[in-house]
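Position in the sequence shown (from 1) plus 1 gives the number in the working numbering. We put the beta carbon where it would ideally sit given N, CA and C, even for glycine.
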Amino acid sequence: MRSHVRVETLPKVRAGAWTLPEVWVRALAVVLAGAVVAGLVFLYLWQGCSLTLLRAQRAQYILELQRLERERAFLAVRLQQETGIARLMERAKALGMCPYPPERIIHLEDDQGTGP
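Have a look at this one:
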């Protein structure tokens, strides 16, 4: 039996392995090394930016915490003033009530721990 494909039309197979010229191999190595270095530089810069953003957030949180601590101290002083004996006596007089002398006023402690 004869094959229908003509042998002359088939491409010739090379006997040796497929190789690149030395210049192309070096150029490819330089390009790959440059890509690796560029990737590492990108990661370094990205890490630096992330660290800068985290530091800025931390500074904002510290400022907010300081503001809240000042506000808490202000409110604690205000609460102490409003619940003091003198203030309670003023309120009682304003409401037409007979104020008790300071010896008769009993301060109750918060045994549940739910108050300030």
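Going by beta carbons, Ala93 and Tyr101 fall inside the 9 Å limit. Going by beta carbons, Ile106 and Leu89 fall inside the 9 Å limit. For the pair Ala77 and Arg71, the Cα-to-Cα distance works out to about 10 Å. For Pro22, the three-state secondary structure derived from DSSP is coil.
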